[in-house]
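Enquirer: Residue numbers (this note's numbering), protein chains in the order written: chain A, 76 to 552; chain B, 6 to 295; chain C, 2 to 320.
Handing you this structure, nothing more for now.
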Amino acid sequence: MGFEYAPAPESRAVVDLRSSYGLFVDGEFTDATDGRTFKSVSPATEEVLAEVTEAGPGDVDRAVRAARRAYNKVWSRMPGAERAKYLFRIARIVAERSRELAVLESLDNGKPIRESRDVDLPQVAAHFFYYAGWADKLQYAGLGQDPLPVGVAGQIIPWNFPLLMLAWKIAPALACGNTVVLKPAETTPLTALAFAEICQQADLPAGVVNIVTGAGETGRALVEHDDVDKIAFTGSTEVGKAIARTVAGTRKRTTLELGGKAANVVFDDAPLDQAVEGIVNGIFFNQGHVCCAGSRLLVQESVYDEVLARLKRRMQTLRVGDPLDKNTDVGAINSAEQLARIRELSDVGEREGAERWSPACQLPDRGYWFPPTVFTGVSQAHRIAREEIFGPVLSVLTFRTPAEAVEKANNTPYGLSAGVWAEKGSRILWMADRLRAGVVWANTFNKFDPTSPFGGYKESGYGREGGRHGLEAYLAR
Amino acid sequence: MPAESRRVDVRKTYKLFIGGSFPRSESGRTYVVEDAKGRFVANAALASRKDARDAVVAARKAFGGWAGRTPYNRGQVVYRVAEMLEGRRAQLADEVARGEGIAGKRADEAVSAAVDRLVWYAGWADKVAQVVGTSNPVAGPYFDFTLPEPTGVVAVVAPQDSSLLGLVDVVAPAIVTGNTVVVLAAESRPVPAVILGEVLATSDVPAGVVNVLTGKVAEVAPWLASHMDVNALDLAGVEEPAVARDLEVAAADNLKRVLRPRAESWDDVPDISRMLWALETKTVWHPIGV
Amino acid sequence: MTTVSSSAAGVDEATRSPSTLRRFLHGLPGVDQVGAEARATGLATRSIKTTAKEWALDLAVRMIDLTTLEGQDTPGKVRALCAKGMRPDPSDGTCPAVAAICVYSDMVPVAKEALARSGVKVASVATAFPSGRAALDVKLADTHGAVEAGADEIDMVIDRGAFLAGDYQRVHDEIVAVRQACGDRAHLKVILESGELVTYDNVRRASWLAMLAGADFIKTSTGKISPAATLPVTLVMLEAVRDFRDTTGRQVGVKPAGGIRTSKEALRHLILVNETVGDDWLSPDWFRIGASSLLNDLLMQRAKMATGRYAGPDYFTLD
């Protein structure tokens with residue numbers, strides 16, 4: 076008999092799902108002016124989880140007005156030390172409710188509970204805790220003696236790390252004295268709405284945080300609103316460019332955290348077993364729905380066979396399936412639309428002559444699934460080596476010299492992240508110096524921390540989130 | 006003295022400064038530069054889109070080497086520019102006074118300030134990373150640090166009013182941090198910019214690090230704004246809000262970092278923001294273990 | 002599948018001279034400490050439930066080298082331990098026996114007699130256990146004595162001093178000599194004492210060194226040095242036996258020993274085996290756990306699985 080892990084499902088009972096959710100405006104849940112709604116489904120089962128309100132321009136306007144009032148009357152005037160205490164409260168409540176929020180996140184997003192539990196939620200709480208501490212110390216941030224908040228921030232976040240991206244946006248904004256109107260992604264609104272409840276639980280003054288649910292049109296209304304001082308957006312490069320055009324010529328400040336096509340560079344002297352873990356973590360973490368995913372593996376030719384063999388063997392142990400099973404490594408693709416895009420680009424990869432491989436794995440009948448996939452025989456000219464797939468699909472290329480590795484790694488309009496695996500310290504620093512990317516992980520990958528600035532070069536966007544640098548976006552000099 | 010026996014001036018046609026050379030515009034065009042009272046000063050090259058293209062190519066070519074210099078060396082090179090400029094104070098003051106229509110004393114002050122500004126920025130080369138870089142105390146066994154890096158090729162529309170000091174104020178912070186620059190000189194007062202180019206050509210600034218175009222904002226700036234190999238766009242000298250907006254829209258094609266025009270007095274000692282906007286921020290992680 | 006930079010030919014070359022041996026061992030891929038520990042920690046979150054857990058608990062019992070290695074060991078103590086090893090839970094006939102009883106060499110005759118034909122093996126530590134600080138002839142005499150007395154398995158210690166001094170050849174040759182002393186009568190387990198080698202790079206090199214010299218098993222620790230068996234050390238050793246088999250075709254067993262006291266820790270080790278080397282090693286022939294107090298904890302967990310209530314220590318024998 077072999078070793079079979081019995082199913083180990085996390086209980087859904089910790090989550091108290093409502094059948095419908097309103098918008099969170101001025102401290103209250105309200106319906107949309109025109110009464111429109113949409114449904115949020117579980118991507119693992121296609122089960123409808125809840126009906127969610129779709130905010131129109133009028134609703135966005137209400138939310139921005141509420142944020143402006145709260146900004147003028149309460150939040151921008153409140154001493155930093157008091158703002159801090161609200162943020163500490165939020166950090167504590169998030170930690171206390173973390174199991175419930177992790178389950179809700181996995182239900183709505185499709186990511187494995189192991190990740191929502193061990194990565195997303197601890198990072199969410201840590202982010203609030205970190206920025207809470209900044210609120211009364213802003214004069215030490217190196218951004219002027221008496222730095223002021225920017226005003227009302229319009230924030231638009233993606234579906235890949237719903238609650239974590241919310242934390243990245245809201246925590247620094249509030250710490251600096253701004254008020255926010257945040258739009259979660261239309262496929263993953265539920266944890267943001269749970270967060271609205273947390274704001275109520277924390278007695279956060281009304282209007283400081285407003286949550287408007289909806290899709291692209293809701294986001295557009297927020298970006299175009301005259302009384303928004305700052306736009307913070309995480310999402311696709313295409314939408315990021317549209318936002319940059321929209322805010323052109325206005326007073327609005329913008330930070331954009333967009334797409335990527337990161338190179339993960341493995342040298343022949345790399346610690347191979349850890350490098351393989353890093354490759355796997357780099358591309359299969361969160362189903363590859365990660366803007367900084369290591370989607371282009373660049374392997375030194377002299378260890379290509381060995382790395383590939385180890386990688387494929389390791390991929391065979393990946394457990395794909397029920398996101399709520401504690402032993403699941405790879406969960407569901409977030410939406411039918413995203414699945415279609417992954418399939419399309421993978422098919423293109425095959426048509427262009429790359430060789431496709433996936434381990435044998437049984438995918439559930441219902442829901443949106445894609446097996447961990449690796450393409451070999453890929454060249455820089457292939458679309459799968461250039462376009463962001465945003466799924467569990469790895470393209471493998473080779474190089475011969477460090478200079479060639481740098482050249483190939485940088486040969487992309489993106490510049491969000493990069494990985495280097497080598498044992499030689501001087502070469503790692505040489506590579507880190509030359510890689511044109513906002514985050515370079517050396518002998519590790521996909522690591523995040525509230526103290527560590529994150530953001531891209533080139534078409535991966537501008538501005539940084541995290542750390543002292545993350546304050547810059549929310550303070551006026 | 007009778008007119009027929011007076012010495013005739015040798016008038017100069019001011020050329021472009023691209024990749025360390027002084028070409029005429031590829032279009033063969035020039036335009037007349039007048040002084041503040043409308044009198045003829047000189048002919049300047051009227052840059053075309055192809056000149057803008059050539060300048061970007063030169064700037065890109067120079068970028069790797071310039072960014073790769075040690076900050077100490079970049080500081081030395083920029084300081085050398087100040088030394089060279091100091092030696093041409095009189096000529097520059099004349100041109101500034103003529104072009105801007107200000108008194109000799111004020112022109113003198115502007116040139117002095119420009120030299121001093123270069124000295125100030127030269128000193129920043131090896132300090133800015135210490136001011137804006139961080140060591141990040143992450144919750145795990147990792148060494149994690151954040152450093153500024155130059156963004157690449159910076160296109161600048163130089164201030165129209167302050168033809169030398171304003172120019173130095175937009176170019177110096179960009180190059181001292183390791184960027185390379187394509188600057189479109191003040192449209193109607195381009196002469197100090199070309200003289201600066203001549204100073205740079207004989208200083209230690211490598212070819213292509215600063216490229217000076219003279220010509221029309223309306224003609225050249227859109228090509229720089231939409232150029233997919235330009236990383237950042239400084240709109241300092243764009244006076245029409247609608248033009249600035251259009252340039253910013255064009256810049257979004259490859260998500261250039263854009264510095265919008267803002268009310269600025271070039272006489273004031275600046276803060277460091279003009280160095281920061283064209284800097285990228287890189288964070289590096291490495292495990293700590295045995 | 003070739004998965005180590007050195008091909009099988011490279012392995013043959015490795016032991017040709019001290020310098021080739023050194024080159025080979027230092028040519029093995031490095032181990033990043035943080036990455037290896039993160040992987041082990043990640044696997045520790047695997048959740049084992051119901052039938053899988055029942056099966057794994059029994060397997061863990063069957064893999065135990067039930068150990069007493071004390072200055073105060075007496076024939077009485079060893080006999081009691083043998084009884085416990087043969088019938089760990091007298092109240093439960095379905096409970097399997099352990100794999101072996103592990104004792105000092107002078108206790109081998111006592112253990113051999115007590116275990117008789119039970120199928121439970123006698124393992125003897127040897128070669129000046131635990132320090133290994135003795136002349137080679139003393140170590141070989143120790144080994145011969147244990148084998149003569151009927152030991153089925155010899156757990157030798159490597160010369161950590163020689164290893165840390167870079168004298169890999171000396172370590173290698175000693176293992177070869179002890180392997181010869183074991184002949185075909187006893188299996189050889191080679192104790193690396195990872196707590197004294199300190200780095201995972203050293204653990205990987207020592208693993209390869211032991212395998213190249215003919216070890217049947219590689220074992221983490223004596224149990225006398227802390228830290229002893231940890232998950233990442235076991236992980237690195239499992240990777241080594243996996244790569245060694247891929248390269249040479251010969252399978253070598255792994256034995257973490259010392260520090261594994263609870264069922265949870267034992268199951269985590271089994272998960273490591275399953276995820277790193279798979280089924281081929283999930284048997285007492287290829288994976289052992291050196292332990293003493295672990296056994297009762299496993300028995301208590303078995304009882305919990307069977308009865309649905311938590312067990313108490315008074316209901317399990319202390320030997």
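Don't be surprised by glycine CBs; every beta carbon is placed ideally from N, CA and C.
#1: Express the C-alpha separation of Pro178 (chain B) and Tyr146 (chain A) in angstroms, rounding to a whole number.
#2: Taking C-beta pairs closer than 9 Å, name the residues in chain A that Gly36 (chain C) reaches, listed in chain order.
#3: Tell me the rounded alpha-carbon separation between Gly494 (chain A) and Thr487 (chain A).
#4: Please say whether Leu438 (chain A) and Val395 (chain A) have beta carbons closer to each other than 8 Å?
#5: Does DSSP put Val282 (chain B) in a helix, in a strand, or in coil?
#6: Please confirm whether Glu240 (chain C) has its beta-carbon closer than 8 Å to some beta-carbon of chain A.
#7: Got a sec? Which residues, its chain only, sit under 6 Å from Leu268 (chain A) by beta carbon, not counting five neighbours each side?
#8: Assuming the contact rule is C-beta atoms closer than 8 Å, Val225 (chain B) and Arg65 (chain B) should be a hit. Round their C-beta distance to whole Å, please.
#9: With burial defined as no fewer than 16 other Cβ atoms inside 10 Å of the residue's Cβ, what is the status of Tyr201 (chain C): buried or exposed?
#10: Name the residue from A:Gly155, A:Val100 and A:Met153 whose alpha carbon lies nearest to the alpha carbon of Arg140 (chain A).
#11: Given that Pro142 (chain B) touches chain A, what residues does it touch there, using C-beta distances under 7 Å?
#12: Return the first residue and the last residue of the beta strand (DSSP E) that Ser125 (chain C) is part of.
#13: In chain order, what residues of the same chain lie with their CB nearer than 6 Å to the CB of Val82 (chain B), ignoring the 5 residues before and after it?
#14: Are Asp320 (chain C) and Leu70 (chain C) close, meaning C-beta to C-beta below 8 Å?
#15: Please classify Leu165 (chain C) as buried or exposed, where buried requires at least 16 neighbouring CB atoms within 10 angstroms.
#16: What residues from the region 253–286 of chain C come within 9 Å of chain A, judged by C-beta to C-beta, listed N to C?
#17: Taking Cβ-Cβ distances shorter than 7 Å, what residues in chain A pair up with Arg250 (chain B)?
#18: What does a CB cutoff of less than 7 Å around Val278 (chain C) pick up in its chain, not counting 5 residues either side in sequence?
#19: Taking the DSSP output, what are the residues bridged to Tyr169 (chain C)?
#20: Okay, do the region 130–138 of chain C and the region 158–176 of chain C touch, 3+ Cβ pairs below 8 Å being the bar?
#21: Between A:Gly229, A:Glu462, A:Gly102 and A:Gly466, which lies nearest to Asp278 (chain A) when the distance is taken from Cα to Cα?
#22: Of all the residues that make up the region 200–234 of chain C, which are near chain B by a beta-carbon distance shorter than 7 Å?
#23: Does Pro488 (chain A) come within less than 8 Å of chain B when only Cβ atoms are used?
#24: Does chain A have any CB closer than 8 Å to the CB of Lys305 (chain C)?
#25: For a contact meaning CB atoms closer than 9 Å, what does Val295 (chain B) contact in chain C?
#26: Suppose you measure from the CA of Val148 (chain C) to the CA of Ile102 (chain C); what does that come to, to the nearest Å?
#27: How about Glu547 (chain A): is its C-beta nearer than 8 Å to some C-beta of chain C?
#28: Give me, in chain order, the residues of the same chain whose beta-carbon lies closer than 6 Å to that of Ala198 (chain B); leave out the 5 immediate sequence neighbours on both sides.
#29: Only counting the same chain, and skipping five residues up and downstream in sequence, which positions put a Cβ closer than 6 Å to that of Met64 (chain C)?
#30: Over what stretch of residues does the beta strand (DSSP E) that includes Gln252 (chain C) continue unbroken?
#31: Name the one or two DSSP bridge partners that Lys190 (chain C) has.
#32: Using a Cβ distance threshold of 8 Å, determine whether the region 362–382 of chain A contacts the region 327–337 of chain A, with at least three qualifying pairs required.
#33: Express the C-alpha separation of Phe450 (chain A) and Ser115 (chain A) in angstroms, rounding to a whole number.
#34: Beta-carbon separation of Ala98 (chain B) and Val116 (chain B) under 8 Å?
#35: In chain order, what residues of the same chain have a beta carbon less than 7 Å from the beta carbon of Leu26 (chain C), not counting five sequence neighbours either side?
#36: Cβ of Glu462 (chain A) within 7 Å of any heavy atom in the ligand FAD?
Expert: This is what the structure gives:
#1: Rounded to the nearest whole angstrom, the C-alpha separation of Tyr146 (chain A) and Pro178 (chain B) is 35 Å.
#2: Pro346, Asp348, Gln349, Ala350, Glu352, Gly353, Asn518 and Thr519
#3: 15 Å
#4: yes
#5: The sequence as given places Trp at residue 282 (chain B); Val does not occur at that position. Per DSSP, reduced to three states, the secondary structure at Trp282 (chain B) is coil, with no helix or strand assignment.
#6: yes
#7: Tyr96
#8: 17 Å between Cβ atoms; not a contact.
#9: buried
#10: Of the listed residues, the one whose Cα sits closest to Arg140 (chain A) is A:Val100.
#11: Thr526
#12: Lys122 to Ala127
#13: Asp209 and Val210
#14: Going by C-beta atoms, Asp320 (chain C) is not nearer than 8 Å to Leu70 (chain C).
#15: exposed
#16: Within the region 253–286 of chain C, the residues whose Cβ lies closer than 9 Å to some Cβ of chain A are Leu271, Ile272, Val274, Asn275, Glu276, Thr277, Gly279, Asp280 and Leu283, listed in chain order.
#17: Ala323 and Gly324
#18: So the qualifying residues of the chain are Leu239, Val242 and Arg243.
#19: None; Tyr169 (chain C) has no bridge partner.
#20: In short, these stretches touch, since the Cβ pair count reaches three.
#21: A:Gly102
#22: Thr200
#23: yes
#24: no
#25: Gln34, Val199, Thr200, Tyr201 and Asp202
#26: 15 Å
#27: no
#28: Leu172, Ala190 and Val217
#29: Ala100, Pro285, Phe288, Arg289 and Ile290
#30: Element bounds for Gln252 (chain C): n/a, residue is neither H nor E.
#31: C:Asp156 and C:Phe218
#32: yes
#33: 33 Å
#34: Yes, the pair counts as a contact, with Cβ atoms nearer than the cut-off.
#35: Tyr169, Arg206, Trp209 and Leu210
#36: The model depicted lacks the ligand FAD and carries no ligand whatsoever.
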